[in-house]
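**Student:** Here my numbering is used: the first residue of the sequence shown is 21, the next is one more, and so on. Quick reminder that beta carbons are idealized off the backbone N, C-alpha and C, glycines included. If you're wondering where the values come from, they're calculated on a predicted model, not measured in any experiment. Mind having a look at this structure? Questions to follow.
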Amino acid sequence: MFEALKQRVYEANMELYKRNMVLYTWGNVSEADREAGVFAIKPSGVPYETLKPEDIVVLKIENGEKVEGDLNPSSDTPTHAELYRKFESVNGITHTHSTHATAWAQAGKSIPCYGTTHADYFRGDIPITRYVSREETERGYEHETATVIAEAFEGKNPLHTPAVLVKGHGPFTFGKDGANSVYNAVVLEEVAKMAMIMLSVNQTSNELPAHIQDKHFYRKHGPNAYYGQGKH
């Protein structure tokens, strides 16, 4: 019934694998079909080398109930489901343990906007969450992971800053669909790597001036964007 959605989610997950963003079974991608009220996600523990479109699991956004698929969905499914409920503009979510972005998450540090590559894709800092508390962990760790992510996005647009670092865990990225969230995950990893190398060269470097951040972000985003071919 949801073959096209499952195919897109399969291809998005395989793009992570092709871009060397995952090891073994680490990471997952999902995509929402808002009209149908469902989302599709990678199954839990299935190696990318053997993953097939028919393995993708489809669930209801409202309550996480399985709609289609024989396998168990990703263990991070409650996080994805709750984020779709909290962020109605988001239709794709990627979670990885990519090396440099995860290192920032483990350090408990947001990634400041040090350069134009960052500014092209992310508005301001990449936010860092707090730790999930003991009580939240016992109540439902994966569900409450979405709670701390939502807290970190107070006052932010998740499609203008389509990435977050979960403290001690790793990155989640957002997009207009699954493929776009994967794209943002790849860019985030490069931005995290650049920032880490830069700090090894000069630990006192300043953030990119605000007017340059604005110029680079808005030339690619918003009604006055002019980067690329666009419409003429």
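Is there contact between the stretch 21-32 and the stretch 198-214, where contact requires at least three CB pairs shorter than 8 angstroms?
**Tutor:** yes
**Student:** Please give the ranges of any beta strand (DSSP E) in the stretch 61-138, keeping only runs that are unbroken, at least 3 residues long and fully inside the region.
**Tutor:** 77-80, 86-88, 112-115
**Student:** Leaving out the 5 sequence neighbours to the left and right, which residues in its chain are closer than 6 angstroms to His241 when beta-carbon positions are compared?
**Tutor:** On the sequence shown, position 221 is the one that residue 241 refers to. Same-chain partners within the cutoff: there are none.
**Student:** Quick one: Cα of Pro93 to Cα of Lys62, how far?
**Tutor:** Within the sequence shown, numbered from 1, the residue matching residue 93 stands at position 73. Within the sequence shown, numbered from 1, the residue matching residue 62 stands at position 42. When rounded, the distance between both Cα atoms is 6 angstroms.
**Student:** Does Thr181 come out as helix, strand or coil in the three-state DSSP assignment?
**Tutor:** The residue given as residue 181 occupies position 161 in the sequence shown. Note: Thr181 maps to coil in three-state DSSP.
**Student:** On a CA-only basis, which of His115, Asn177, Leu79 is nearest Ala205? Give me that one, please.
**Tutor:** Counting from one through the sequence shown, the residue named residue 205 turns up at place 185. Comparing Cα positions, the closest option is His115.
**Student:** Would you decide whether Ile217 is buried or exposed? Buried here means 16 or more other CB atoms lie within 10 Å of its CB.
**Tutor:** Mapped onto the sequence shown, residue 217 falls at position 197. Ile217 should be labelled exposed.
**Student:** For a test of the three-state rule: what should DSSP assign to Asp53, helix, strand or coil?
**Tutor:** If you number the sequence shown from 1, residue 53 lands on position 33. In the structure shown, Asp53 sits in a strand (DSSP, three-state: E or B).
**Student:** Let me know if His252 comes out buried or exposed under the rule of 16 or more other beta-carbons within 10 Å of its beta-carbon.
**Tutor:** Taking the sequence shown and counting its residues from 1, the one referred to as residue 252 is at position 232. Any reading at His252 must be qualified, since the residue scores a pLDDT of 42, below 50, and its modelled position is unreliable; the value itself is stated next. Answer is exposed; the Cβ neighbour count stays below 16.
**Student:** What is the DSSP secondary structure of Thr167, reduced to helix, strand or coil?
**Tutor:** For the purposes of this step, residue 167 is taken as the residue at position 147 of the sequence shown. Looking at Thr167 - three-state DSSP - the assignment turns out to be helix.
**Student:** Just to confirm, is the Cβ distance from Ala24 to Lys106 under 8 angstroms?
**Tutor:** Counted from its first residue, the sequence shown places residue 24 at position 4. Counted from its first residue, the sequence shown places residue 106 at position 86. No. Outside cutoff.
**Student:** My assumption, with CB atoms under 8 angstroms, is that Val78 sits in contact with Leu179. Please give the rounded CB distance.
**Tutor:** Translated into the one-based positions of the sequence shown, residue 78 becomes position 58. Translated into the one-based positions of the sequence shown, residue 179 becomes position 159. Wrong, their Cβ atoms sit about 23 angstroms apart, outside the cutoff.
**Student:** Quick one: is Tyr141 buried, meaning 16 or more other Cβ sit within 10 Å of its Cβ, or exposed?
**Tutor:** Here residue 141 refers to the residue found at position 121 of the sequence shown. Buried.
**Student:** Take Glu85 as the anchor and find which of Ser225, Glu74, Lys72, Ala101 has the nearest alpha-carbon.
**Tutor:** Here the question's residue 85 lines up with position 65 in the sequence shown. Closest by alpha carbon: Ala101.
**Student:** What whole-angstrom Cβ distance do Gly160 and Pro229 have, given they're in contact under 8 angstroms?
**Tutor:** The residue given as residue 160 occupies position 140 in the sequence shown. The residue given as residue 229 occupies position 209 in the sequence shown. So it is not a contact: roughly 42 angstroms between Cβ atoms.
**Student:** Keeping to the same chain, check which residues put their C-beta closer than 7 angstroms to that of Glu108; ignore five residues upstream and five downstream.
**Tutor:** Position 88 of the sequence shown holds residue 108. If the five residues before and after Glu108 are omitted, its C-beta is found closer than 7 angstroms to no C-beta atom of its own chain.
**Student:** Assuming contact is defined by CB atoms lying nearer than 8 angstroms, are Gly57 and Glu82 in contact in what I supplied?
**Tutor:** Counting from one through the sequence shown, the residue named residue 57 turns up at place 37. Counting from one through the sequence shown, the residue named residue 82 turns up at place 62. For Gly57 and Glu82, yes; Cβs fall inside 8 angstroms.
**Student:** Around the Cβ of Pro67, are there at least 16 other Cβ atoms within 10 angstroms (buried) or fewer (exposed)?
**Tutor:** Residue 67 sits at position 47 when you count from the first residue of the sequence shown. Around the beta carbon of Pro67, fewer than 16 other beta carbons sit within 10 angstroms, so the residue counts as exposed.
**Student:** Does the Cβ-Cβ distance between Gly188 and Gln126 come in under 8 angstroms?
**Tutor:** Indexing the sequence shown from 1 puts residue 188 at position 168. Indexing the sequence shown from 1 puts residue 126 at position 106. Yes.
**Student:** How is His252 classed by DSSP in three states: helix, strand or coil?
**Tutor:** Stepping through the sequence shown from its first residue, residue 252 is reached at position 232. Note that His252 has pLDDT 42, beneath the 50 cutoff, so the model's placement of it is unreliable and no number is given.
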